[in-house]
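Quick note: the sequence shown uses this note's numbering, first residue 57, plus one each step. All residues carry an ideal CB built from backbone N, CA and C; glycine is no exception.
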Amino acid sequence: MAEITSAHPTSGGPYFWAAMLSPNNELAAFFSWTTGWVNFVGQFAVTTGITFGCANLIATLATVKSTFVPTPGKILGIHAALLISQGLVNTFGVHILRYLNNSSITFHSLGVFAFATAIVAKAPTHQSAKFVFATF
Numbered sequence: 057m058a059e060i061t062s063a064h065p066t067s068g069g070p071y072f073w074a075a076m077l078s079p080n081n082e083l084a085a086f087f088s089w090t091t092g093w094v095n096f097v098g099q100f101a102v103t104t105g106i107t108f109g110c111a112n113l114i115a116t117l118a119t120v121k122s123t124f125v126p127t128p129g130k131i132l133g134i135h136a137a138l139l140i141s142q143g144l145v146n147t148f149g150v151h152i153l154r155y156l157n158n159s160s161i162t163f164h165s166l167g168v169f170a171f172a173t174a175i176v177a178k179a180p181t182h183q184s185a186k187f188v189f190a191t192f
C-alpha cells in the first residue's frame, strides 16, 4: 500500500487506499478505520519511544563530570519535558521548524563526516584503491 499511496497521492493517503483496496464496499469503512488507528498508534509509539531514548541520552550525558544520578523519576521528568517542548514547538512554533530541520541536516552531515574520517584515520591498515573498487 505504501507504493500505491506514494505513486498516487490523495488527501486521504493510506485511509483512502485501504478503502479502495477492500474486497467489497461493506468492508471499506472498517479497513479505512483500522488503517487510521494503526497509523495513529504507530505514530504515537514511535514518537514516545524516540523521545524516551533521547531522555536517556540526556540523562547519561548529564552524568559526565558531575554528581548527577539518573533515577527513573528524573529520566521520566526529562522525557515529559521533551514531549511538552515538542508539542509546544509543533503547536505554536511551526515557523521555526525549518530552522530546526536545517540545523538537524547540518549536524547529521557533520557527524557522519567526522565519524567516517575518524574510522579512516584510525584504521590500522588500509587496502589499495584497486582492491576496494575492483574486487567483488
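Using a Cβ distance threshold of 8 Å, T107 and L138 count as a contacting pair.
Rounded to the nearest angstrom, the gap between the Cα atoms of A177 and A170 is 10 Å. Three or more beta-carbon pairs separated by less than 8 Å are not found between the segment 85 to 94 and the segment 112 to 119, which leaves the two stretches without contact. When the five nearest sequence neighbours on each side are left out, the beta carbons in the same chain lying within less than 7 Å of the beta carbon of H135 are those of T107, F108 and A111, in order along the chain. Every alpha helix (DSSP H) stretch that sits fully inside the segment 119 to 148 and reaches 4 residues is listed by chain position as 128 to 148.
Leaving aside the five residues that flank A85 on each side, the residues in its chain whose CB is nearer than 8 Å to its CB run, in chain order, A75. The distance from the Cβ of T119 to that of P126 is about 6 Å, consistent with a contact at the 8 Å cut-off.
Our two residues, L77 and T103, have alpha carbons roughly 29 Å apart in a direct line. In the DSSP assignment, I152 falls outside any alpha helix (DSSP H) and carries neither an H nor an E.
DSSP places G69 in the coil class of the three-state scheme, outside both helix and strand.
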